[in-house]
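Written below as C-alpha cells is the structure these notes are about.
In the working numbering, the protein residues as written are 4 to 329.
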C-alpha cells in the first residue's frame, strides 16, 4: 500500500497487469519449441503447429518430416479426437435454415418446401400457398414469391436460368442440375455437378454424393468417401446424414456413437431419429432421462416450424389441391 501511494512510483494497476501478462506470454512462447530440433520460438524463430493435431510445433518442413515417424500415431489419434469434437457438436439449426419470407425454420421434410429457379431460394409451402391465394383473389400475374420475377412454365427457360446461375458458381443451381441429370440416369454428370456444389459448401450436395458412393452410381463404391461426405453433411446440419451415420455406427456395434447422432438429429426435428431412439431406449442403450430430453427438444424444434400459413397449405394438400411447381 505504501509502495503504490509513493510519489516515486508512477505505475498504475493497469501497467502492472499489462507487464505481468507480457511476461506470462513471453514465458509461454519460450516454453514452446520445435518438437524435432528443440529450438525455442523466440526472437525471429517462428514455429508452426502440426496441421492435423495442433499438439506440437515445428520450425521448418524438414523438422516436421524428420519427426513424423515419432509423432504419427499420436497425431492420428488426436486428429480423430478433434474430428469427433466437430462431428458431435450440436448445430444451431438444420442446413436448410429459415424461409426467406416468413423467417421461420424450414421443415426437415423437403416436400414441405420448394426451390424457386429464378433466384435459387427455398420457400416454405406456407408462403407459397399464401402467395398463390393472394394472386388468385386479386387476379394478378404469377410471379416468384420472393423476387417477384414473372413465372413462365417453360422447361427450356427454367433450364437456361439454372445454367446461368450455375455459371455464376451458385451451388444450389448446381445441385438442382445434378438432380436433373440423376433423374435422367446420367449419374456421371450428376456426380460432376454435385462435386462442384459440395466444393462450394452445399450441404445437400454432400448428402447426394454420399449416396452415390454407397450405391456406386457414376463412381466406384467407396466406404471412406461415403463416410466423409456423410460426416460433412452432418456437420453442416443435415439430419438425414445423421441417420445414415447412426446406422453405420450401429452395424459396427458402436452404440454410444450411434445414439449421439440420433440425439442430434432428434434435436433438429427429424422424426425418424425419435423412432430410432425409442428402439435404443427399449434395448437399454439410452437412459429414460436422455430419451425424454431428446423428445422434448424434438417437439420444440417441430413447434418452431409451425405457422397458420403452413397449416393452411397442409390442409389444402390433404383436400386434394395440387401444388403447382414454379
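C-beta atoms are modelled at their ideal positions from N, C-alpha and C, and glycine is treated no differently.
On a predicted model such as this, the values are computed, not experimentally measured, just so you know.
Looking only at its chain, what residues have a beta carbon closer than 8 Å to the beta carbon of residue i, apart from the 5 residues adjacent to it on each side?
i	result
residue 246	264, 265, 268, 273, 275, 276 and 279
residue 319	132
Look up residue i in the DSSP assignment and say whether it is helix, strand or coil.
i	result
residue 52	strand
residue 119	strand
residue 206	helix
residue 38	coil
residue 146	strand
residue 153	strand
residue 291	helix
Is it the case that the Cβ atoms of residue i and residue j are separated by a distance below 8 Å?
i	j	result
residue 244	residue 210	yes
residue 72	residue 307	no
residue 180	residue 203	no
residue 127	residue 105	yes
residue 232	residue 248	no
residue 94	residue 221	no
In whole angstroms, give me the CA-to-CA distance for residue i and residue j.
i	j	result
residue 121	residue 100	19 Å
residue 228	residue 322	43 Å
residue 125	residue 116	7 Å
residue 66	residue 82	20 Å
residue 55	residue 64	14 Å
residue 330	residue 161	Nothing can be reported for residue 330, as the shown portion of the chain is limited to 4 through 329.
residue 197	residue 90	22 Å
residue 205	residue 175	7 Å
residue 217	residue 313	35 Å
residue 172	residue 102	22 Å
Might you give, ordered along the chain, the residues of its own chain that have their beta carbon closer than 7 Å to the beta carbon of residue i, omitting 5 neighbours on each side?
i	result
residue 144	153
residue 59	38, 53 and 74
residue 289	262, 280 and 283
residue 96	108 and 240
Among all the DSSP beta bridges, which residues are the ones paired with residue i?
i	result
residue 242	Partner(s): none; residue 242 has no beta bridge.
residue 108	101
residue 43	36
residue 78	None; residue 78 has no bridge partner.
Taking 8 Å as the CB-CB cut-off, is residue i touching chain B?
i	result
residue 206	You won't find chain B in this structure, because it holds only one protein chain.
Within its chain, find whatever has a CB closer than 6 Å to the CB of residue i; leave out the 5 residues flanking it on each side and keep chain order.
i	result
residue 192	184
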